[in-house]
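Its first residue numbered -9, the sequence shown is counted upward by one per residue in my numbering. We put the CB at the ideal spot given by N, CA and C, even for glycine. These figures come from a predicted structure and were not determined experimentally. Here is the structure we will look at.
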Amino acid sequence: MIARTYRIAPSILSADFARLGDELRDVIAAGTDWIHFDVMDNHYVPNLTFGPMICAALKPHAKTADGTPVPVDVHLMVQPVDALAAAFADAGADYISFHPDASPHVHRSVQAIKAKGCKAGLVFNPAAPLDVLDWMIDEIDLVLIMSVNPGFGGQSFIDSALRKIEAVRKRIDACGKDIRLEVDGGIKAGNIAQVAAAGADTFVAGSAIFGQSDYAAVVRQMRGALAAVA
């Protein structure tokens, strides 16, 4: 397997909402790489989370102790896409990804995100086909595979997602672009190596990190598992 740079991206969906700034600082100090925002609108998915004002408020906290910025990775589970994508770009997002079925014009939505200076990604639900990716892979910077059904944290990993990760990895390798392959849902220290072996390089973890008493210990376990991937 080609050596890859792995990224661990804790989802603040599972953080303590009463102390989000502290939670960001703590999880970054624990050694994570990105901060993941699961944005839900109670329309595309049956839940409501947070908007761009929360992103803007937390952006100053998204940095390491020496001041190095930590990328903010926004996953939009909203419909329509474009207006809220622009608002999150203005709020400081670095990556913005969305579900193709939530936009009537996927190419236009991707271009609008990139015009704002953000990296753009597409998200594929567990039962969603990859047809759109074949037309858009040259335009995007990230593919996010959902290994749970979107809308709620704390769900168990859907094993069939491994086949989809493998299929996307083949497409990315064939196109030759530097595209992140991210997986969201049910990721934990016990299965992260299997997900990496399928081809993923970026891992969203919510309750697996924020639900534990020692964030750094969990991150060390995850990195140890990733280091063992041949």
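Which residues in the same chain have their Cβ closer than 6 Å to the Cβ of residue i, if we skip the five residues on either side of it in sequence?
| i | result |
| --- | --- |
| Y(-4) | D191, L216 |
| A77 | P42 |
| K178 | A198 |
| S99 | V71, D72, S93 |
| S1 | H26, D28, V194, G196 |
| S146 | G176 |
| K104 | A110 |
Can you say whether residue i is buried or exposed, counting buried as having 16 or more other CB atoms within 10 angstroms of its CB?
| i | result |
| --- | --- |
| G166 | exposed |
| G144 | exposed |
| R153 | exposed |
| R159 | buried |
| T58 | exposed |
| G107 | exposed |
| F7 | exposed |
Give me the Cβ distance between residue i and residue j, rounded to the nearest whole Å; I'm assuming they're in contact under 8 Å.
| i | j | result |
| --- | --- | --- |
| L120 | A157 | 6 Å |
| D12 | V68 | Not confirmed; about 27 Å, so no contact. |
| A20 | Y205 | 4 Å |
| L66 | I86 | 7 Å |
| V133 | E172 | 7 Å |
Could you tell me the boundaries of the alpha helix (DSSP H) in which residue i lies?
| i | result |
| --- | --- |
| F27 | First-last for F27: 25 to 30, but that is the beta strand (DSSP E), not the alpha helix (DSSP H). |
| A207 | 205 to 217 |
| H97 | 96 to 105 |
| K154 | 151 to 165 |
| P70 | Here P70 belongs to no alpha helix (DSSP H), and DSSP marks it neither H nor E. |
| V122 | 121 to 126 |
| V185 | 182 to 188 |
Whose C-beta lies closer than 7 Å to the C-beta of residue i among residues of the same chain, with five residues either side of it excluded?
| i | result |
| --- | --- |
| P36 | G141 |
| L48 | L10, G11, L14 |
Could you spell out where the beta strand (DSSP E) holding residue i opens and where it closes?
| i | result |
| --- | --- |
| I86 | 85 to 88 |
| G111 | 109 to 114 |
| L14 | L14 -> not in any beta strand (DSSP E); alpha helix (DSSP H) instead, spanning 10 to 19. |
| F193 | 192 to 195 |
| I44 | Unbroken run through I44 is the alpha helix (DSSP H), 42 to 48; no beta strand (DSSP E). |
| P61 | Element bounds for P61: n/a, residue is neither H nor E. |
So, for residue i: in the same chain, excluding its five sequence neighbours on each side, which residues have a beta-carbon less than 8 Å away from its beta-carbon?
| i | result |
| --- | --- |
| A102 | D72, A75, A76 |
| N181 | F147 |
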